[in-house]
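*Asks:* Quick one: this structure, given as structure tokens, is what I'll be asking you about.
As structure tokens, then:
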């Protein structure tokens, strides 16, 4: 309960913290049960691009329908956030950190189990991504990257308005777009010096598997 000044009491903060912890463990357990059925191991696919580039659309339309990649684990932070008790679209600021922590815990667990997975990201924190890819390769993963085409700020802002679970201020969207474009350039520059991942677009060009308007995806090697 809040006092006359709208300040939450210490007791309420403790109670809410306990409820959040219980809810977090429940949602995390539900995801682990779902991911336990994944039969494929040691293949990691990253779909990278700024907010609004179409990462989720590409995953849903191209990867989830693929005979192999469709069986990979996929941790969706927005879906996790929607599962948390009491979540509403205007409470993203409070709930997203909880959902993000669950996603991080699940990602670490997936790595321990060596489960094949698909992940999406903006690549804003490209140094962290490089470090994570190194960790994956150390334990035997084959790492792949699908880089989505660049999009304009106007398109990104328009798509951001359509997001169901996350209402993001325009200045934040712009910052993420700029950071993502820079991060992707840095990531690919690093990959030229030290082969860290397989560039799926380069693979498709070399094999002439990709028609002009297609996102055809080759199956993993045995």
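Residue numbers (my numbering): 51 to 272.
Idealized CB from N, CA, C, for every residue including glycine.
All figures in this text were calculated on a predicted structure; none of them were measured in a lab.
Under the DSSP definition of a beta bridge, which residues are partnered with residue 39?
*Replies:* Lying outside 51 to 272, the shown extent of the chain, residue 39 is not represented and no answer is given.
*Asks:* Mind checking who residue 183 pairs with in its DSSP beta bridge?
*Replies:* DSSP, once it has assigned bridges, lists no residue as partnering residue 183.
*Asks:* Short check: CB of residue 193 to CB of residue 103, under 8 Å?
*Replies:* Taking 8 Å as the Cβ cut-off, residue 193 and residue 103 do not qualify as a contacting pair.
*Asks:* In the structure shown, what three-state DSSP assignment does residue 224 receive?
*Replies:* Three-state DSSP puts residue 224 in a helix.
*Asks:* Taking DSSP as the reference, what is the three-state secondary structure of residue 247?
*Replies:* In the structure shown, residue 247 sits in coil (DSSP, three-state: anything other than H, G, I, E or B).
*Asks:* Can you give the beta carbon distance from residue 168 to residue 97, rounded, assuming they're within the 8 Å contact cut?
*Replies:* Indeed, because the Cβ distance is near 7 Å, the residues count as touching under 8 Å.
*Asks:* Would residue 190 and residue 164 qualify as a contact pair, given that the criterion is a beta-carbon distance under 8 Å?
*Replies:* Yes, they are a contact pair.
*Asks:* What does DSSP give as the partner residue(s) for residue 192 in the beta ladder?
*Replies:* Residue 192 is bridged to 93.
*Asks:* Put residue 68 into one of helix, strand or coil per three-state DSSP.
*Replies:* Confidence is the limiting factor: at residue 68 the pLDDT is only 43, short of 50, which leaves the residue's position unreliable, though a coordinate-based value still follows. Note: residue 68 maps to helix in three-state DSSP.
*Asks:* Taking all protein chains shown into account, do 16 or more other C-beta atoms lie within 10 angstroms of the C-beta of residue 172, making it buried, or fewer, making it exposed?
*Replies:* Counting Cβ neighbours within 10 Å, residue 172 comes out buried, since at least 16 surround it.
*Asks:* Measure the Cβ-Cβ separation of residue 157 and residue 125 and say whether it is below 8 Å.
*Replies:* Their beta carbons are under 8 Å apart, which means residue 157 touches residue 125 by this criterion.
*Asks:* Grab the span of the alpha helix (DSSP H) containing residue 118 for me, first residue to last.
*Replies:* Here residue 118 belongs to no alpha helix (DSSP H), and DSSP marks it neither H nor E.
*Asks:* Over the uninterrupted alpha helix (DSSP H) stretch that includes residue 148, give me the two end residues.
*Replies:* Note, residue 148: alpha helix (DSSP H), 142–163.
*Asks:* Around the C-beta of residue 210, are 16 or more other C-beta atoms found within 10 angstroms, so that it is buried, or is it exposed?
*Replies:* Residue 210 is buried by the Cβ-count criterion.
*Asks:* If you run the structure through DSSP and keep just helix, strand and coil, what is residue 209?
*Replies:* Helix at residue 209.
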